[in-house]
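Enquirer: Sharing a structure, written as C-alpha cells. Questions coming.
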Amino acid sequence: MYIDADLHIHGLHSGAVSEKMKVPVIAEQAGIKGLDVIATGDILNPGWRRHVSENTETTSRGFYRRGETEFILSTEVEDKNRVHHLIFLPSMESAENLQKELEDFSKNIKKEGRPRITLSGEDIAENTKKVGGIIGPSHAFTPWTSIYKEHDSLDECYGSMSSEIDFIELGLSADTEMADKIKELNEISFLSNSDAHSPWPDKIGREFNRFQVEKKSFEEFRKALKREKGRKISLNVGFNPLEGKYHCTACQNCHQKYSFEQAINFRWECDICGRSIKKGVKDRVKELSDGGKNPEWRPRYLHLVPLAEIIKEVVGHSSTKTKTVQKIYGDFQSEFNSEINILIDEDIENLSEVNKKVGSAVRKFREGKTIMIPGGGGSYGELVIPRDEQDRKRILEERESDIGCFYSKEQKSLSDF
Ligand SMILES: [Zn+2]
Ligand SMILES: [Zn+2]
Ligand SMILES: [Zn+2]
C-alpha cells in the first residue's frame with residue numbers, strides 16, 4: 037500500500053509556532069491535504085505528550101490515530117553545535133525514556149518543543165538508538181542550524197554512530213538532484229518534509245513522502261527507510277528548491293543575492309546594507325560536491341507549488357491567508373479530492389469550471405511556463421505567472437540577476453520601467 041506522510045512539523049510549544057497547532061486541527065488539515073500520516077513533532081515535551089495522548093487513540097502499530105489521520109511520534113532537537121536532528125519514536129514510553137536520558141543535558145526540555153541538548157550528534161544518536169528510535173539530520177544544508185553548515189561529513193557529526201543514521205532530510209531549499217551530488221549521501225534515504233509551524237494548507241504537507249509498505253506501522257516505516265523486503269520511499273514531493281528561503285547566497289537583512297565569488301569578494305558583508313551574507317544551499321552543495329550520482333533506487337522528486345500560492349498569485353494578494361484566497365481554495369477542495377490531483381492530474385477544463393483564471397495558471401504550471409524567482413537570506417522564492425510568452429521573456433530579462441542569484445549594480449528596479 038501507499039502512504040503519504042509529512043514527517044516534520046511543530047506543536048505550539050516550539051518557538052514561533054501558531055497557537056492553532058494542536059492535534060485536532062493538525063489532523064483535520066492533514067486530511068484536507070490528502071496525507072495519511074503526519075508527525076506529532078515536539079514529543080519530548082511532557083505537556084505536548086499529554087495533549088497527543090488525550091487527543092488520539094493508541095494503535096498496536098506504533099502510530100496514534102485521530103479520525104482518518106495517523107500520527108508518528110517525532111521530535112526535533114538541537115545539539116551543542118546548533119545542529120538540528122529529527123527523531124522518530126515507536127511509543128510514548130520510548131519518548132519518555134529519551135526525555136529522561138537527555139534531561140540532564142538540557143535546560144529547556146520540559147518547556148520547549150524543540151529542546152537544546154548540550155551533547156554531540158553522536159551522543160544524541162546513541163541515546164535515540166538505545167530507546168529504539170530512528171534519527172537523521174533535519175534540513176541538512178540550511179545555513180543556520182544544519183549538519184552541513186557545521187560539518188563537512190556525516191562522520192564528523194555522528195562519529196561512531198554515522199553508519200546508523202537512517203535518513204537525511206533535504207529541507208525546502210534542496211532536492212534529490214542536488215543532494216545526490218555528494219557521494220556519502222548516495223546510500224542514504226532522503227525525506228522531504230514541511231517543517232510546518234502553522235496548519236494552513238500551504239504549510240502542512242507542502243513537502244511529503246510517499247511510502248510503499250505492507251501496512252501503516254512504525255516497523256514498516258523503519259524498513260522502508262532501509263529499503264528492506266520491497267518496502268521503500270517511492271516518491272519525494274516538495275518545493276522547487278528555488279522556492280526555499282535559503283536557496284541562493286544572500287543578505288540576511290535586505291535579501292540582496294550574491295554569487296559565491298561575489299560573497300567572498302565582499303567578505304560576506306552586504307554591499308547595500310552592511311549586514312552579513314548567508315551562504316545559500318546551492319553554493320554549499322556545490323562546495324561539498326564530490327562526483328556523487330543518483331543511485332538507481334533513488335525515487336523521483338516531484339516539484340510542486342502549493343495550490344494556495346498559485347491562487348494568491350492569480351488574485352494578486354500578498355498572503356495566502358486572505359478570505360478570497362481561502363474561499364477559492366475551499367471551492368477547489370470541495371470539488372476535487374486532493375491537491376496533488378488538482379495540480380498534476382485533473383482535467384484543466386474541470387478546474388476552469390471552478391475558477392477560470394486558476395485553471396489557466398495550473399495549466400501554465402504544468403507546462404513549465406511559470407517562473408520561480410529563487411529565495412535567499414531567509415526570504416522565500418516567488419512564483420510568477422506570466423500573461424503570455426512575451427511577458428515571460430520580459431520578466432526573465434528584467435530579473436536576470438535575481439533569477440541567476442548574483443548582484444548586479446546596474447540592476448534595474450521596477451520603477452525604471
Ligand atoms: Zn530545524
Ligand atoms: Zn523543525
Ligand atoms: Zn543587505
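If you read the sequence shown in the numbering used here, its first letter stands for residue 37, the second for the next number, and so on. All C-beta atoms in this analysis are idealised placements derived from N, C-alpha and C, irrespective of residue type, glycine included.
Using only the heavy atoms of ligand 2, determine whether one of them is closer than 7 Å to the beta carbon of E112.
Expert: The answer is yes for E112.
Enquirer: Closer than 7 Å: is that where the CB of H187 sits relative to any heavy atom of ligand 1?
Expert: H187: no, Cβ never under 7 Å from ligand 1.
Enquirer: What do you get for C441, buried or exposed, if any count of 16 or more other CB atoms within 10 angstroms of its CB means buried?
Expert: Looking at its Cβ environment, which holds 16 or more other Cβ atoms inside 10 Å, C441 is buried.
Enquirer: In or out: K202 buried (at least 16 other Cβ within 10 Å) or exposed?
Expert: The residue asked about is misnamed: residue 202 is Asp in this sequence, not Lys. Per the 10 Å Cβ criterion, buried.
Enquirer: Roughly how many angstroms lie between the CA atoms of V317 and I431, to the nearest whole one?
Expert: Cα to Cα, the separation comes out at about 24 Å.
Enquirer: Check whether the Cβ of H46 lies closer than 7 Å to any heavy atom of ligand 2, and answer yes or no.
Expert: Correct: H46 has its Cβ closer than 7 Å to ligand 2.
Enquirer: Within 10 angstroms of its Cβ, does D381 collect 16 or more other Cβ (buried), or is it exposed?
Expert: Answer is exposed; the Cβ neighbour count stays below 16.
Enquirer: Could you give the first and the last residue of the continuous alpha helix (DSSP H) run that contains N272?
Expert: Per DSSP, N272 belongs to no alpha helix (DSSP H); it is in the beta strand (DSSP E), K268 to G274.
Enquirer: What distance in whole Å lies between the Cβ atoms of G280 and S209, which are believed to be in contact at a cut-off of 8 Å?
Expert: S209 to G280, Cβ: 3 Å. Contact.
Enquirer: Quick one: what's R428 bridged to in DSSP?
Expert: Its beta-bridge partners do not exist; DSSP assigns none.
Enquirer: So the candidates are S444, E114, F124 and L109; which of them puts its Cα closest to the Cα of G51?
Expert: The option with the nearest alpha carbon to G51 is E114.
Enquirer: Can you tell which of L419, F302 and K259 has its C-alpha closest to the C-alpha of S354?
Expert: It is L419.
Enquirer: Residue range of the alpha helix (DSSP H) that Y467 falls in?
Expert: In the structure as shown, the chain begins at 37 and stops at 453. Residue 467 is therefore absent and cannot be evaluated.
Enquirer: Classify E200 as buried or exposed, calling it buried when 16 or more other Cβ atoms lie within 10 Å of its own Cβ.
Expert: Burial call: exposed.
Enquirer: In angstroms with no decimal places, state the Cα-to-Cα distance between S253 and G168.
Expert: Their backbone Cα atoms lie some 14 Å apart in a straight line.
Enquirer: If you measure from the CB of S312, is any heavy atom of ligand 2 nearer than 7 Å?
Expert: Checking the Cβ of S312 against ligand 2 gives no.
Enquirer: Leaving out five residues on either side along the sequence, give the residues of the same chain with a beta carbon under 6 Å from the beta carbon of F302.
Expert: Here the set comprises nothing.
Enquirer: Under 7 Å from any heavy atom of ligand 1, does the C-beta of H120 make it?
Expert: H120: yes, Cβ under 7 Å from ligand 1.
Enquirer: Find the nearest neighbour of G241 within the set K445, A63, T406 and T154, judged by alpha-carbon distance.
Expert: Minimum Cα distance to G241 is reached at A63.
Enquirer: Answer with buried or exposed for C309, where buried requires no fewer than 16 other C-beta atoms within 10 angstroms of its C-beta.
Expert: With fewer than 16 other Cβ atoms within 10 Å, it is exposed.
Enquirer: Does the Cβ-Cβ distance between T95 and I123 come in under 8 Å?
Expert: Contact: no.
Enquirer: Across which residues does DSSP place R101 in a beta bridge pair?
Expert: R101 pairs with E93 and E106.
Enquirer: Output the boundary residues of the alpha helix (DSSP H) element that contains I160.
Expert: Start and end: G157 to K166.
Enquirer: Pick out whichever of K143, L109, R334 and Q292 has its Cα sitting closest to the Cα of M214.
Expert: Nearest of K143, L109, R334 and Q292 to M214, Cα basis: R334.
Enquirer: Does the Cβ-Cβ distance between G328 and I218 come in under 8 Å?
Expert: A contact, by the Cβ cut-off of 8 Å.
Enquirer: In whole angstroms, what separates the C-alpha of F453 from that of Q426?
Expert: Reliability of the predicted coordinates at F453 is poor, the pLDDT of 46 falling under 50, and no value is obtained from them.
Enquirer: Beta carbon of K237, beta carbon of Y443: below 8 Å?
Expert: Just to set this straight, residue 237 is Pro in the shown sequence, not Lys. Against a cut-off of 8 Å, the Cβ pair of Y443 and P237 comes out as no contact.
Enquirer: Three-state secondary structure (DSSP) at T111?
Expert: Three-state DSSP puts T111 in a strand.
Enquirer: Taking the runs of the alpha helix (DSSP H) that are 4 residues or longer, which of them lie wholly in the stretch 164-189?
Expert: List check, alpha helix (DSSP H) in window: 183-186.
Enquirer: Please look up how many angstroms separate the CB atoms of I347 and R258, rounded, as I've assumed it's under 8 Å.
Expert: Actually they are not in contact, since the Cβ atoms of I347 and R258 sit about 38 Å apart, beyond 8 Å.
Enquirer: Apart from the five residues just before and just after N81, which ones in its own chain have a Cβ nearer than 6 Å to its Cβ?
Expert: Closer than 6 Å at the Cβ level, and outside the excluded window around N81, lie H49 and G149.
Enquirer: Does DSSP put H49 in a helix, in a strand, or in coil?
Expert: Three-state DSSP puts H49 in coil, outside helix and strand.
Enquirer: Thinking just about the alpha-carbon of each residue, which of G83, G157 and E345 is nearest to the one in E132?
Expert: Residue G83 is the option with its Cα nearest to E132.
Enquirer: DSSP three-state call for K448: helix, strand or coil?
Expert: The predicted model places K448 with a pLDDT of 49, which falls under 50 and marks its position as unreliable, so this point remains unresolved.
Enquirer: Determine the direct distance from the alpha carbon of H187 to that of S110, and round the result to whole angstroms.
Expert: Rounded to the nearest angstrom, the two C-alpha atoms are 24 Å apart.
Enquirer: Excluding the five sequence neighbours on either side, which residues of its own chain have a C-beta within less than 7 Å of the C-beta of L343, listed in chain order?
Expert: The answer, listed in chain order, is Y365, F368, E375, I378 and L379.
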